[in-house]
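Last residue of the sequence shown: 255 (the numbering used here), numbering continuous. Single-structure report; data block below.
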Amino acid sequence: MPDFSDTLVDRLAEADHVAVLTGAGISAESGIPTFRDPGGLWDEFDPQELANVEAFLDNPELVQGWYRHRRQVVVEAEPNAGHQALADLEAHVPSLAVVTQNVDNLHTRAETGTVIELHGNITDNYCMDCERAVGAEAVDVAIQEGEPARCPDCEGLIRPDVVWFGEMLPADAMARAEAVTERADVFLSVGTSAVVHPAAQLPVAAREQGAYVAEVNPDTTGVTDDVHETIRGPAGDVLPALVDAVAARVDV
Ligand code: OAD
């Protein structure tokens, strides 16, 4: 049984607003590699080589091919018990928002109502020049033909709709994330190393404005010293048990 406090269960059961920040760890049990764990994505590839605009312009086929591979992994993955538990938690609290650094779409596929994507969505692509949205199939066809995928309207290069190193986060998503953090009564930080800003600032900001802040992670993170409580364990074990406990408390 995961080790969380009665205080956390009480605070969740009484909360008007709950906000959850998620990172790659919540999708690890769906078979999607994390970034910084041993065997994670960044171990295998050099991010500086692939996840920035200069690298993309230098070698669009390589970068489009890498994202195609990652997109296939994501499309074949299924939401796990952790994603599902957060979707279930919505039934027991008046308002819940999930702020995610993940680009894998799994919170949405688990039917969580409010999902704020800070780093984009790997299933979407758009033209760098005219910003027209382009379906993944067109990218796949071009790659199979050994060509960089280009816009059918203006011949611009097609890029994934994700935030690369050196790029700003989407301003509207960040503003919404800050707003839900500002009003949260309880804030959960789940499956993130919490070293990449500005997302890593959100648990700290939540605590500063008075939220009860807990993290769910098998390991120490950049915000472990800032939270009220750390629950050590995989999200797929911890979150279902936590949500069951909240449901039992709410139903009393
Ligand atoms: P990281 O790879 O940095 O961290 C993954 C975290 O998940 C670690 O703290 C692990 O201990 C934890 N973890 C592993 N398995 C878990 C499980 N089953 N349950 C719960 N936690 C588990 O991934 P992020 O924190 O998401 O940004 O990385 C943040 C950003 O860094 C990414 O969004 C990406 C990268 O640069 C961009 O690409 C813009």
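We put the CB at the ideal spot given by N, CA and C, even for glycine.
**Report entry** Where the beta strand (DSSP E) containing GLU93 begins and where it ends
**Finding:** Where GLU93 is concerned, there is no enclosing beta strand (DSSP E), given that its DSSP letter is neither H nor E.
Query raised in the report: Which residues does DSSP pair with ASP164 in a beta bridge?
Result: According to DSSP, which records beta bridges pairwise, ASP164 is partnered with ASN124.
Query raised in the report: For SER8, does the count of other Cβ atoms within 10 angstroms reach 16, so buried, or fall short, so exposed?
Result: Classification for SER8: exposed.
Query raised in the report: What is the C-beta distance between ALA80 and ALA187, in whole angstroms, given that I count them as a contact (C-beta under 8 Å)?
Result: With a beta-carbon spacing of about 28 Å, ALA80 and ALA187 fall beyond the 8 Å limit used to define contacts.
Requested in this report: Assuming PRO206 and LEU15 form a contact by the criterion Cβ under 8 Å, report the distance between their Cβ atoms to the nearest whole angstrom.
Outcome: Between the beta-carbon of PRO206 and that of LEU15 there is about 16 Å, and that puts the pair past the 8 Å contact cut.
**Report entry** heavy atom of ligand 1 below 7 Å from PRO5 C-beta
**Finding:** Shortest gap from the CB of PRO5 to any heavy atom of ligand 1: 7 Å or more.
Query raised in the report: Which first and last residues belong to the beta strand (DSSP E) in which HIS20 is found?
Result: Taken as a continuous stretch (DSSP letters only), the beta strand (DSSP E) holding HIS20 covers 20–25.
Query raised in the report: Looking at HIS122 and ligand 3, is the gap between the Cβ and the nearest heavy atom below 7 Å?
Result: This structure lacks ligand 3; its bound ligands are ligand 1.
Requested in this report: Quick one: grab the DSSP three-state call for LEU191.
Outcome: Assigned with DSSP and collapsed to three states, LEU191 falls in strand.
Query raised in the report: Taking the continuous alpha helix (DSSP H) assigned at VAL219, which residues delimit it?
Result: No alpha helix (DSSP H) contains VAL219, which is instead part of the beta strand (DSSP E) from 215–219.
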